[in-house]
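Just below is one structure, and these are the notes that go with it.
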Amino acid sequence: MATTLGRGLEKDRPAELQAVGTRRRGGVGRALMYVLLIAVAAFFVLPLVVVISASFKYAAEIFTDPGILPADPGFENYTALFARAEFLTWFRNSAIVSTVGTLVTLAITSLSAYAFARIDFPFKNLLFGLLITTLVLPGVMFLVPQFKLIADLGLYDTLPALILPGLAGVFGVFFMRQFFLGLPLELEEAAYVDGASRLRTFMAVALPLAGPALATLAVITFLAFWNDYLWPVIICNDNCTLPAGLRLLQRQYTGDPGLVMAGATVAAVPVLLLYLLLQRYIVQSVASSGIKG
Amino acid sequence: MSSMAAASPSRNKRGLLSRIVWGSGNDRRRRIGESPITPYLFILPHFAIFSAFILFPFFLGVWISLHDSTALRDGPFVGLRWYQQLFDPSNRTQFPRFWNSVWNTIIFVIISTPLLIGFGLALAALLNQRLRGRNIFRAIYFVPWTLSVSVIGLTWWWMFNGNAGFVTMFMSDTFGWSPNWLATNPWAWISILVATLWWTIGFNTIILLAGMQAIAVDLYEAASIDGANKWQQFRSITLPSLRPILLLVITLQVIASFQLVGQPQLMTGGGPPSELGGETAPVLLHVFNTGFGGRRELSLAAAMALIVAAIMIVVSIINFRLFSSERS
Chain R
3 MATTLGRGLE KDRPAELQAV GTRRRGGVGR ALMYVLLIAV AAFFVLPLVV VISASFKYAA
63 EIFTDPGILP ADPGFENYTA LFARAEFLTW FRNSAIVSTV GTLVTLAITS LSAYAFARID
123 FPFKNLLFGL LITTLVLPGV MFLVPQFKLI ADLGLYDTLP ALILPGLAGV FGVFFMRQFF
183 LGLPLELEEA AYVDGASRLR TFMAVALPLA GPALATLAVI TFLAFWNDYL WPVIICNDNC
243 TLPAGLRLLQ RQYTGDPGLV MAGATVAAVP VLLLYLLLQR YIVQSVASSG IKG
Chain H
-4 MSSMAAASPS RNKRGLLSRI VWGSGNDRRR RIGESPITPY LFILPHFAIF SAFILFPFFL
56 GVWISLHDST ALRDGPFVGL RWYQQLFDPS NRTQFPRFWN SVWNTIIFVI ISTPLLIGFG
116 LALAALLNQR LRGRNIFRAI YFVPWTLSVS VIGLTWWWMF NGNAGFVTMF MSDTFGWSPN
176 WLATNPWAWI SILVATLWWT IGFNTIILLA GMQAIAVDLY EAASIDGANK WQQFRSITLP
236 SLRPILLLVI TLQVIASFQL VGQPQLMTGG GPPSELGGET APVLLHVFNT GFGGRRELSL
296 AAAMALIVAA IMIVVSIINF RLFSSERS
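If you read the protein sequences in the order shown, they are chains R and H. Residue numbers in the first sequence follow my numbering, run continuously in steps of one, and reach 295 at the last position. Residue numbers in the second sequence follow my numbering, run continuously in steps of one, and reach 323 at the last position.
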C-alpha cells in the first residue's frame, strides 16, 4: 500500500479531474473553491504570523500593540533569549540530539534491516516478529520504566538520555527492510561471485541503491528527534532540548509572552526552513510511510 | 519481491516451525565459508539498544507497578495495590481522578476524531480538483504538522491568551465580548480542539489525498458517462475505494487523540481546576503528573500507564473490527 500512496502523489493530474475535465465547471463554482482554499490557508498561516509577529514585540508592546504586524519591530526578545546560557544549551542540545540520533538510526536500522531482508538465519522470523509486535504497543507504557532505567544508569539530564530511547524504535528497521526486499538480487549476487563479503556487499551495493529510502527515513527521524516533547520533559532538568525548554520558558515568563513566542519561533524556524527546501519531498515521505507525529 | 516469489516453492514444503526458526527462505544460496554469526552481527547494534530500551522496560514497567517506588527511592513489593485502588469505586482519591481523566480523554477522542477525519476528507476532495496552485495549498495545509507539539501548544496558548491573545482581541473588537478561553469550559476544550485540528488536519488530508489520487480514472469516466454528478461519484466511487486508507487514518487518529497531552499541558495546565484534578486533564497528563510531578509516584503512574495501554489496544482492535468488517 505504501508504494501505491507514494505513486499517487507524484501524479500531477488527479484521476477525478481527467474524468470530469470535459464537463467544464462554471466560473462561479471555481471562484468559490478558490475562496474556500484561501480561507483554509489563512487558518493555517495566520497563527504562525501572529506568533512570529509577537516575537518582535518587546516587553509591554505585546499588550499595547494589538496589530497583526508589529508597529515597532525589534530583535530585543531574541537578544534577550540568546543572552541566556540555558537557551543556548537547549538549542545546541536539539541540534546534537537530532543530528546524532538521525545518523545513528540510519546506520543501525539499515544494517539490521539488511540482515532481515537478505540473510536466512535461525530465529530470524521470531526476532523480527518481536520487533514488529512492539510497533503496536502504545508509547505511554514505556515512559515510567524508561525513566527508571535512565535514572538508575545515572544518565538523568544527559545527552545520551535524550537520544537512546529514540534509537530503540523499530520503524526504521521495518521501513528499510521493505526497501531492501524490493531491490533486485542480481547485483548483490554479482558482488558475491566477485568475492565480496556480506558487509562489503551491503556497504558497496545495497546501501548506495538505498539513497531515496535513507533520505525519507532521515527526514522522518530528524523531525521526530527535533520535535520530541514528552520524553525530554521527563528526562531533562538543565540539559534540555528546545521543545522541553520552551515549557520551562513559558513557566518562567508567563507575563512576557513576546519572549516565549521568540523561543517558539526559534524552535520552529529550522523545521520550517527544512520544509521550505524539501516541501514536495517531505509530503511524499509522510504520505508513503503513514507516520503520525 | 521477485526473489520471495522465486523462493516460495521450497518454502511451501517446509513446516511452520522450521519457518519460524529459519526465516522466509529469501536467501537463495547459502554462502560458502560465511560465518553463521554474521547476520547476528548485522542486527546486534539495533537489537542491543532495542532490548535495553524497549524490551526490558516492557517488563520493568510491570515490575515497578507491583512495587511502591517513587522517583527518589525503590519501595517494597505491594502486589496489585495500585490496580485495586484504581479499580475500587470506594477509593476517594485515585479512583475518581484517574477515571475522570480517562473520561476526559474518551470524550476528546469521540469529538476530535470525526472532525479531524471529516475536515481531512473535505480538504482532500477539494485538493483533488483541477485547480491551479493546488500543490501550494497542499503544502500550506501541511505546515503545522511539521512543528513540535510544544510550538503548537505555545502558539495557541498565545492565540487564546486572556490578556491580548489574537482570538480574544478579535472577539472583543467584533462582538464586544470574548470568553475567557483557556480558563473556563467549554471554551478551554474548544481551544484544545482547535489547536489539535490546526496541528494534524494536514496529515490526514495528505494521506487521504494520496489515496484519492490512486483511484483509477476509468471508474470516474464510466460514472460520468452514466450521468453521475460529483457528489454521487464521491459517495459511490471515492469513499468505497478509500476504505483501507480511511481505516488506517482513523486508527492512527484514534491512537493519536488518545495520547493528547502537550496541548492541555501548555495551554490550560489541565484546568480549569476541579476536585477531580482538572477539567481538561487527559489521562496521559494525569499519568505524567502522578509519576513526574509533585510526589513522583512512579509505581502508581506505571500501573495507570499499563491500564491506559490496555484500553488503547482494546479500542484499536474494536475500531479495526468495526471498520474493516463493515459491508464486506
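The C-beta atom is built at its ideal place from N, Cα and C for all residues, glycine as well.
Residue environment for serine 319 (chain H): exposed (fewer than 16 other C-beta atoms within 10 angstroms of its C-beta). Inter-segment contact for the segment 135 to 151 of chain H and the segment 181 to 196 of chain H is present: three or more beta-carbon pairs are separated by less than 8 Å. Between the alpha carbons of arginine 290 (chain H) and threonine 65 (chain H) lies a gap of roughly 8 Å.
Across the segment 114 to 139 of chain R, CB contacts with chain H closer than 9 Å involve Ser114, Ala115, Tyr116, Ala117, Phe118, Ala119, Arg120, Ile121, Asp122, Phe123, Pro124, Phe125, Lys126, Asn127, Leu128, Leu129, Phe130, Gly131, Leu132, Leu133, Thr136, Val138 and Leu139, in sequence order along the chain. In this structure, DSSP gives phenylalanine 155 (chain H) a state outside helix and strand, which the three-state scheme calls coil.
Within the same chain, Cβ atoms closer than 7 Å to the Cβ of tyrosine 158 (chain R) are found at Ile152 and Ile237, the five residues on either side in sequence being excluded. Within the DSSP secondary-structure output, phenylalanine 72 (chain H) pairs in a beta bridge with H:His62. At least one beta carbon of chain R lies nearer than 8 Å to the beta carbon of glutamine 254 (chain H). Within the model, the alpha-carbon separation for proline 186 (chain R) versus alanine 209 (chain H) is close to 25 Å.
Between the segment 91 to 101 of chain H and the segment 277 to 289 of chain H there are three or more C-beta pairs closer than 8 Å, enough to call the two in contact. The C-beta distance from leucine 38 (chain R) to leucine 121 (chain H) rounds to 7 Å, short enough to fall under 8 Å. Chain-order list of chain H residues neighbouring methionine 263 (chain R): Leu149, Thr150 and Trp153, by C-beta distance under 9 Å.
At a cut-off of 8 Å between beta carbons, valine 138 (chain H) contacts chain R. In the DSSP annotation of this structure, the continuous segment of the alpha helix (DSSP H) that includes proline 34 (chain H) starts and ends at 33 to 45. When DSSP states are grouped into helix, strand and coil, serine 85 (chain H) belongs to the coil group. By the CB criterion at 8 Å, leucine 248 (chain R) and alanine 266 (chain R) fall inside the cutoff.
Apart from sequence neighbours up to five positions away, the residues of its chain that approach methionine 307 (chain H) with a beta-carbon distance below 7 Å are Ile250 and Phe253, ordered along the chain. Counting other Cβ atoms within 10 Å of its Cβ, alanine 56 (chain R) reaches 16 or more and is therefore classed as buried.
Annotated three-state conformation of glutamate 29 (chain H) is coil, per DSSP. With contacts defined by Cβ atoms closer than 8 Å, threonine 88 (chain H) and leucine 177 (chain H) do not form a contacting pair. Taken in chain order, the members of the segment 235 to 253 of chain R whose beta-carbon sits within less than 7 Å of a beta-carbon on chain H are Ile236, Pro245, Leu248, Arg249 and Gln252. In the same chain as proline 245 (chain R), and ignoring 5 residues on each side of it, the C-beta atoms closer than 7 Å to its own belong to Asn229, Asp230, Tyr231, Pro234 and Ala269, in chain order.
For the segment 66 to 94 of chain H, the residues whose beta carbon sits under 8 Å from a beta carbon of chain R are, in order, Ala66. Residues are counted here when their Cβ sits less than 8 Å from a Cβ of chain H; for the segment 206 to 231 of chain R these are Leu225, Trp228, Asn229, Asp230 and Tyr231, given in chain order. By the Cβ rule, the segment 204 to 220 of chain R counts as touching the segment 175 to 182 of chain R, because three or more pairs are nearer than 8 Å. Phenylalanine 123 (chain R): not part of any alpha helix (DSSP H); DSSP gives it neither H nor E.
When 8 Å is used as the limit between beta carbons, threonine 111 (chain R) is near these residues of chain H: His41, in chain order.
CA-CA distance, alanine 47 (chain H) to isoleucine 38 (chain H), rounds to 14 Å. For the alpha helix (DSSP H) assignment, the uninterrupted runs of no fewer than 4 residues enclosed by the segment 188 to 230 of chain R are, from N- to C-terminal side, 188 to 195, 200 to 203 and 213 to 229. Judged by beta-carbon spacing, isoleucine 222 (chain R) lies beyond the 8 Å limit of serine 290 (chain R), meaning their Cβ atoms are not closer than that value.
Flagged as an interface residue toward chain R: leucine 55 (chain H), by a C-beta distance shorter than 8 Å. Note that the C-beta distance between serine 114 (chain R) and phenylalanine 42 (chain H) is below 8 Å.
With contacts defined as CB atoms closer than 8 Å, valine 278 (chain H) and valine 97 (chain H) qualify as a contacting pair.
Cβ proximity to chain H below 9 Å picks out Pro186, Leu187, Glu191, Tyr194, Ser199 and Arg200 from the segment 186 to 200 of chain R. With respect to isoleucine 112 (chain H), alanine 297 (chain H) sits apart: the two C-beta atoms are not nearer than 8 Å.
Contacts between methionine 35 (chain R) and chain H, judged by CB atoms closer than 8 Å, involve Leu121, Gln124 and Leu126 in chain order.
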